[in-house]
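**Student:** I am attaching a structure below and will ask some questions about it afterwards.
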Amino acid sequence: MIERWHRGFKAGFMCYADANWSRVLSTVLLGLRSHVRLDTGASPAEFLFGTTLRLPGEFFLPEDISADPNFFIEEFREYMRQVRPVPVAHKHAKRAFYFKELHNCSHVFIRNVAKKALERPYSGPHKILKRVSDRVFNIDVNGSARSVSVELLKPAHFVPDNLDDASVPVSNDSSATSRPLSLRTYSRRRVTFAPDPAVRTYKTP
């Protein structure tokens, strides 16, 4: 919110040709405090004073306006009874992405925020020492504990050490290797390849 306010604050100075910004400071601040926000339907001055600020073009009032203070107080009370809080919508808020496997894995990769050219985007794998919360993990980085947000982490997957070589089926059928490979093309022609093609040389006449 402060960043957007500064953007409008600087844009107000650029509307004037006067290089001395201190001369137009009061005018710019008056405009920022008097403009009506789209999400709340009221200006900052209305939230603070209960009424709009009087702009330079409104100093000359008609003569038929009553100056009775009781009339203003009753009208102000009635207006304040009808005021209801309006929630401010934060449209810029985005949910950060993180991997669901982070809560089950033992090692992670850490993303390098200040990455140089041709440098690895992740470092690791690093061991998870402790899960402080759902958003912060304690990671072992080069022998020292470091608290890292889950937005910078990526789960590391390892190959199990107890893989059995016999689990991969190996065919001992020698006839399968000697059998020629037969393919069928789109024109329904059968093309047969030799099982062990040899390099042939041809002599030119």
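In our numbering, the protein residues as written are 5 to 209. Where a beta carbon is used, it is the ideal one built from N, C-alpha and C, also for glycine. None of the values given here were measured: they were computed from a predicted structure.
Strictly by DSSP, which residues pair up with residue 142?
**Tutor:** Position 138 of the sequence shown, counted from the start, is the residue given in the question as residue 142. DSSP lists 134 and 151 as partners of residue 142.
**Student:** Quick one: grab the DSSP three-state call for residue 27.
**Tutor:** Within the sequence shown, residue 27 is the residue found at index 23, counting from 1. In this structure, residue 27 counts as coil in the three-state DSSP scheme.
**Student:** Do residue 112 and residue 125 count as a contact pair if the criterion is CB distance below 8 Å?
**Tutor:** On the sequence shown, residue 125 is found 121 positions in, with the first residue counted as 1. On the sequence shown, residue 112 is found 108 positions in, with the first residue counted as 1. No, they are not a contact pair.
**Student:** Using CA atoms only, rank isn't needed, just tell me which of 105, 73, 131 and 109 is closest to residue 147.
**Tutor:** Here residue 147 refers to the residue found at position 143 of the sequence shown. Comparing Cα-Cα distances from residue 147 to each of 105, 73, 131 and 109, the minimum goes to 131.
**Student:** For the beta strand (DSSP E) that residue 76 lies in, which residues bound it at each end?
**Tutor:** As a position in the sequence shown, residue 76 is number 72, starting the count at 1. No beta strand (DSSP E) holds residue 76; the alpha helix (DSSP H) holding it covers 73 to 86.
**Student:** Out of 141, 87, 38 and 149, which has the shortest C-alpha to C-alpha gap to residue 155?
**Tutor:** Mapped onto the sequence shown, residue 155 falls at position 151. Of the listed residues, the one whose Cα sits closest to residue 155 is 141.
**Student:** Closer than 6 Å by C-beta to residue 48: which residues in its own chain qualify, once you throw out the five before and the five after it? Chain order, please.
**Tutor:** Position 44 of the sequence shown, counting from 1, holds the residue named residue 48. 37, listed in sequence order.
**Student:** Please classify residue 123 as buried or exposed, where buried requires at least 16 neighbouring CB atoms within 10 angstroms.
**Tutor:** For the purposes of this step, residue 123 is taken as the residue at position 119 of the sequence shown. So residue 123 counts as exposed.
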